[in-house]
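In terms of our numbering, the sequence shown opens at residue 1 and continues consecutively.
Notes follow once the structure below has been shown.
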Amino acid sequence: MITNRAKLKQQTQTRVIDAATTLFHELGFASTTIRDIAEKAGVSAGTVIGVGDKNALLVKVFDDLIAQVHTEREQISVASDNTADSCVARLERLVEPFISIFTTNLSLSRSYAAILVMGTHPSALFTELAGQLIGEFSTAITAGNCTDRKNAEAQSRALYSAYVGALFTWSASGFTDENQLRTSVHNVFTAICTCRE
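Next up, the structure:
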């Protein structure tokens, strides 16, 4: 049973994250201060720091956006009823919502990628969210008999690593053309998924 204290703590954390999300979008990551977040959330600066520093808050904001995509499609078959689609097309459909997150919030995406590359703040992107996407990749590549099940996990991990590499490379490159990112992701998926459905 959840205690009142735990419930209040969770509500405070939610207010802080919501305030950070709003301000990061309105003011930008660099211009947003801990004081700004505290004022918007109606808490002290110390309470905000208790939830996380700015970098940790941005990681949480993005991790939550990514987790939300997974949650929204949990009830949808990853392979969908489009098994006639190519393996690469199924994979591209899976990552499109994440690409949209990165390309819609370009400046924040670059800050997020930079924080993760520094390795100072843990992210669910490399743990449970990675596991979810790797599982979805595995389902997608075995759906049309492109990959046999015994090789699916290793190939899915390679796809995930290449996909994250393409995202981070694009974020760091200074490019703004989202089609370059989609082309890069398409190319890595095509190189790894050598089946010809």
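C-beta atoms are modelled at their ideal positions from N, C-alpha and C, and glycine is treated no differently.
Check	Outcome
As assigned by DSSP and simplified to three states, the class of Thr120	coil
Proximity to Thr194 [Cα-Cα], best of Asp64, Arg182, Leu159 and Thr3	Leu159
Unbroken alpha helix (DSSP H) run spanning Phe102, endpoints	Cys87 to Thr104
Straight-line gap, Leu91 to Thr22 (C-alpha atoms, nearest Å)	31 Å
Val43 (DSSP reduced to helix, strand or coil)	coil
Close-in-space but distant-in-sequence residues of the same chain around Pro97 (CB under 7 Å, 5 per side omitted)	Val69
Reduced DSSP secondary structure (H/G/I, E/B, other) of Ala143	helix
Thr12 - DSSP class collapsed to helix/strand/coil	helix
Residue burial classification, Asp81 (beta-carbon count within 10 angstroms, cutoff 16)	With a pLDDT of 47 at Asp81, under the threshold of 50, the modelled position of that residue is not reliable, and the figure given next carries that caveat. Exposed: under 16 other Cβ atoms inside 10 Å.
Span of the alpha helix (DSSP H) around Leu125	Looking at the DSSP string, Leu125 is not in any alpha helix (DSSP H), and its letter there is neither H nor E.
As assigned by DSSP and simplified to three states, the class of Arg5	helix
Whole-number beta carbon distance between Val59 and Tyr112, since they are thought to touch under 8 Å	7 Å
Alpha-carbon spacing of Leu65 relative to Ile141, whole angstroms	25 Å
Assumed close pair Ala56, Val48 - CB separation to whole angstroms, cut-off 8 Å	About 10 Å; that fails the 8 Å criterion.
CB contact flag (Ala124, Ala162, <9 Å)	no
Reduced DSSP category for Asp148 - H, G, I as helix; E, B as strand; rest coil	coil
Where Ala113 falls: helix, strand or coil (DSSP)	helix
Val95 classed as buried or exposed, judged by whether at least 16 other C-beta atoms fall within 10 angstroms	buried
Thr32: first and last residue of the uninterrupted alpha helix (DSSP H) it sits in	Where Thr32 is concerned, there is no enclosing alpha helix (DSSP H), given that its DSSP letter is neither H nor E.
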